[in-house]
Amino acid sequence: MLTDKRILLIIAGGIAAYKSLELIRRLRERGAWVTPVLTRAAEEFVTPLSVSSLSGEKAYRDLFDLTDEADMGHIQLSRSADLIVVAPGTADLMAKMALGMANDLASTLLLATDTPVLVAPAMNVRMWDHPATQRNLRQLTADGIAFVGPNDGDMACGEFGPGRMVEPMEIVQAVQEVMAEGPLQGRRILVTSGPTHEPIDPVRYIANRSSGAQGSAIAQALIKLGAEVIFVTGPADAARPEGATLIEVETAQEMLSAVQQNLSVDAAVFCAAVADWRVASASDSKIKKTKGGLPVLAFAENPDILATVSQMGDGRPPLVVGFAAETDDVIENATAKRIRKGCDWIVANDVSPATGIMGGSENAVTLISDAGSEAWPRMGKVEVAEKLAARIAETLVG
Ligand code: C5P
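For the sequence shown, the numbering used here assigns the number 432 to the last residue and increments by one with no breaks.
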């Protein structure tokens, strides 16, 4: 996702600097090049040797290091990156940035650059809440600086509240969002995926064979086109899409409420294989084998999430896409399903065992809309996802 992107990582002096080591690894794993810059205070918390070992690049340390200036001047250094990440962003460095000060390498780079900047603040809760820091935050936001966090939580100083730096993976996600290019930038899309598990008792459940592969691939393809994706998934085997806001659920009812809480979106794609029924009253304790006979399970119908969202009035996403896995009369059944549920598009596929689609890596789908049906040739699930994402982009953006 970040292949060959150049990130200048400014590490300021705070206890959260240790998380920046992990951040370097996570960025490198995703193909990014990371050039580290340490403030003097940062060197009290992490060593130049550890950051340069992890990044595989020289750690830049001081404005007046003449070797560095000969090697790569600070102006060039500040502009050679695709993104500057400041993590941890201390109150002090934020104040310097807000005032346009340039009295060390980090602040000079930040003043000299025309590259986008993302700051992950980290400081004591009172420092964060202080009117001066809040004023600086407003100024920097108005200047176009992006922020991720801080989070609420226990702090190294023993206090609790906002000021704790977000975790490295949250920074990676923010980096991906800031760097996203593509037609869906600025659009929010919700994707449901995977099976649901409906409990029988605390140890048993009803499930289905959905792997979540198609849903993950669709979410990933939408992210690649720049969308912000909210990924609501049941307990699926497939790898989670990178860069999505992840909401993990178990049951259909949990999935419905997660969806309803996240509906201010431009489109919603319902890939999940939601169980049609749940056990009406799941037992609180494990059902025992008895000599008296077999247990009888009474079922209740699960909410139809796709139909509920498709048929809502105010707040209905402008584009609602459903899936129809059928084994007989695929097009006819899926066309009727589109009308019955009230969604805009149905992606229909034949999941008869002979097709090998369920659990396989390929899919053969037909896209059904009010314009009719369009059969796509059999292709990989990732290609289906990319084609569908491109179609969604065309429809939303034109
Ligand atoms: O009715 P059927 O299960 O075939 O419909 C499939 C489509 O409806 C899929 O898009 C699936 O995600 C969605 N669905 C749902 N909630 C249900 C059942 C299906 O959102 N309870």
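Ideal placement from N, C-alpha and C gives every residue a C-beta, glycine not left out. Keep in mind the model is a prediction, meaning the values are calculated, not measured.
Using only CA atoms, which one of Ala332, Ala154, Gln207, Leu224 lies nearest to Val343? Leu224
Chain-order list of residues whose beta-carbon lies under 7 Å from that of Val399 (same chain, five-residue window excluded): Val381, Ala382, Asn383, Trp410, Val418
Relative to the ligand C5P, what is the chain-ordered list of residues with a Cβ closer than 5 Å to any of its non-hydrogen atoms? Phe304, Ala306, Val308, Asn336, Asp338, Ile339, Leu340, Gly356, Phe357
By DSSP, does Ser344 sit in helix, in strand, or in coil? helix
In whole angstroms, what separates the C-alpha of Gly90 from that of Phe79? 19 Å
By alpha-carbon positions, which one of Lys415, Arg372, Gly394, Leu340 ends up nearest to Ser403? Arg372
Give a yes or no on whether the C-beta atoms belonging to Ala75 and Val85 are separated by under 7 Å. no
Would you mind stating whether Gly228 and Gly268 have Cβ atoms separated by less than 7 Å? The answer is yes: Cβ separation under 7 Å.
Compare the Cα-Cα distances from Ala125 to each of Glu63, Lys53, Glu201, Ile45 and report the closest residue. Ile45
Sorted by chain position, which residues of the same chain lie with C-beta nearer than 8 Å to Val212's C-beta, five sequence neighbours on each side aside? Leu117, Pro150, Leu152, Ala180
Using the Cα positions of Pro155 and Asp148, report the straight-line distance between them to the nearest angstrom. Answer to the nearest angstrom: the Cα atoms are 21 Å apart.
Which partner residues does Ile179 have in the DSSP bridge list? DSSP, once it has assigned bridges, lists no residue as partnering Ile179.
Could you give the uninterrupted runs of the beta strand (DSSP E) lying entirely in the stretch 56-112, keeping only those of 3 residues or more? 67-72
Less than 7 Å between the C-beta atoms of Arg95 and Pro202, yes or no? no
Here's the rule I'm using: 16 or more other beta-carbon atoms within 10 Å means buried, otherwise exposed. How should Lys415 be labelled? buried
Give me the residue from Ile205, Gly349, Ser319, Asn242 with the minimum Cα distance to Trp311. Taking Trp311 as reference, the option from Ile205, Gly349, Ser319, Asn242 with the minimal CA-CA separation is Asn242.
How about Gly220 and Met157: are their beta carbons less than 7 Å apart? No Cβ-Cβ contact shorter than 7 Å links Gly220 with Met157.
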